[in-house]
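In our numbering, the protein residues as written are 1 to 253.
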Amino acid sequence: MSGPFVLSIAGFDPSAGAGLLADIKTFEQLGVYGLSVCSAQTIQGPGHFADLRWTDADWVERQLAFLLQSYTPKAVKIGIIGDLALLGRLLDQLAALAAPPLVVWDPVLSASAGFDFQQADAFEDLKALIERVDVFMPNRQELERLWPQQSPLAVAKTISQQTALLLKGGHDPQAKGLDQLFLAGELAAQWPPKMIAPYDKHGTGCVLSSALTAFLALGQPLTTAFGKAKDYNLQFMNSQPSLLGWHRSYQDE
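Structure representation (structure tokens):
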């Protein structure tokens, strides 16, 4: 197999618009082979989230351990995870590899999913876990929920002293579509939207983070990889009028 292996650790969405199925579709179109670990089963579809059942933590760890016996992923995307202790143990498994992969963490903080980081007692405890990944991809609202006493930009600058932080602007009413990269405590790059997509889509956050993971696995520098991931996401959003989108071969413009 010529393409590198990549891994998604995320939830199952039966509509295939988000989560593992969206990630695998994205990986396939971008020329990497997608592996998956299911962290949760959901009952959802475009515009409606009905319920979630977490996969038993031991089962999640066993899935990952089994895959790592045969495959060494170049990059890993982490989405919804039941608790921080489990995330730490998964990161331990990945770090123990002879060639540890790049890790992209796209946190899912929706209250409907039952995953509330606000229960974390201390900024430093959570920050230490974030620093174990290579790229942290929250949006502004997620940072506000995580650390309500601090401004999102201040938090982004602090975290980025150790970990690259991509602050997503897709849902920011004040700067919709403006994505910002923070490195070494400073704003390093930003991507205004090339155009406002005419159609909303279910799963755009998953598609964006999995596209970034794929391009990183292909050896692209972070800024280049994110620019291409943003373009792929826009292509996905413009694919058709409904809330579910088509995944098509990426056209590098």
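Just so it is clear, CB atoms sit at the ideal spot from N, CA and C, and this is done for glycine as well.
Looking at the structure shown, is residue i part of a helix, part of a strand, or coil, going by DSSP?
i, result
"Ile80", "coil"
"Asn238", "coil"
"Asp134", "coil"
"Gln63", "helix"
"Ala75", "strand"
"Lys230", "helix"
"Ala111", "With a pLDDT of only 36 at Ala111, under the threshold of 50, the placement of this residue in the model should not be trusted; the figure read from the coordinates follows. Helix, per DSSP."
"Leu91", "helix"
"Arg248", "coil"
"Ser209", "helix"
"Gln149", "coil"
"Ala120", "The predicted model places Ala120 with a pLDDT of 48, which falls under 50 and marks its position as unreliable, so this point remains unresolved."
"Lys323", "Residue 323 lies beyond the residue range present for the chain, which begins at 1 and ends at 253; the question has no answer from this structure."
"Ala85", "helix"
"Asp23", "helix"
"Lys127", "helix"
"Phe12", "strand"
"Gln141", "helix"
"Thr204", "helix"
"Thr163", "coil"
Contact defined as beta carbons within less than 8 Å: I believe residue i pairs with residue j. What is the distance between those atoms, to the nearest angstrom?
i, j, result
"Ser209", "Asp134", "No, Ser209 and Asp134 are not in contact; Cβ-Cβ is about 12 Å, not under 8 Å."
"Ser160", "Ala184", "7 Å"
"Ala16", "Cys206", "No, Ala16 and Cys206 are not in contact; Cβ-Cβ is about 11 Å, not under 8 Å."
"Arg132", "Leu91", "5 Å"
Less than 7 Å separating the beta-carbons of residue i and residue j?
i, j, result
"Ala157", "Trp191", "One detail in the question is off: residue 157 reads as Lys in this sequence, not Ala. No, the pair does not count as a contact, with Cβ atoms beyond the cut-off."
"Gly227", "Phe236", "no"
"Leu30", "Ala214", "yes"
"Leu129", "Gln93", "no"
"Ser8", "Leu21", "no"
"Leu86", "Ala57", "yes"
"Leu234", "His202", "no"
"Arg140", "Pro148", "no"
"Leu67", "Leu35", "yes"
"Val76", "Val103", "yes"
Can you give the Cα-Cα distance for residue i and residue j, rounded to whole angstroms?
i, j, result
"Lys74", "Thr223", "18 Å"
"Trp54", "Gln41", "6 Å"
"Tyr232", "Lys194", "12 Å"
"Tyr33", "Ile80", "21 Å"
"Gly114", "Pro138", "Low per-residue confidence applies at Gly114: pLDDT is 40, beneath 50, and the placement is therefore not dependable, though the value from the model is reported in the following sentence. Straight-line Cα distance between these residues: approximately 17 Å."
"Phe117", "Ala99", "Confidence at Phe117 is low in this model, with a pLDDT of 37, below 50, so the placement of that residue should be treated as unreliable; the coordinate-derived value is given next. In a straight line, the C-alpha of Phe117 is about 30 Å away from that of Ala99."
"Ile78", "Phe5", "15 Å"
"Leu181", "Ala225", "12 Å"
"Gln150", "Glu144", "7 Å"
"Trp59", "Gly47", "29 Å"
"Gln220", "Lys25", "20 Å"
"Phe49", "Pro14", "11 Å"
"Asp179", "Gly3", "28 Å"
"Leu212", "Arg248", "16 Å"
"Ser39", "Leu109", "14 Å"
"Leu218", "Ala10", "21 Å"
"Lys168", "Leu126", "19 Å"
"Glu28", "Leu146", "33 Å"
"Leu52", "Gln162", "33 Å"
"Tyr340", "Ala95", "There is no way to answer for residue 340, as the model of the chain reaches only from 1 to 253."
"Ser112", "Glu142", "The predicted model places Ser112 with a pLDDT of 37, which falls under 50 and marks its position as unreliable, so this point remains unresolved."
"Asp200", "Asp83", "30 Å"
"Ser239", "Gly88", "37 Å"
"Asp257", "Ala154", "Residue 257 lies beyond the residue range present for the chain, which begins at 1 and ends at 253; the question has no answer from this structure."
"Phe12", "Gln44", "9 Å"
"Leu166", "Pro101", "18 Å"
Does residue i get closer than 7 Å to chain D when you measure Cβ to Cβ?
i, result
"Leu94", "Here chain D cannot be found, since the structure has a single protein chain."
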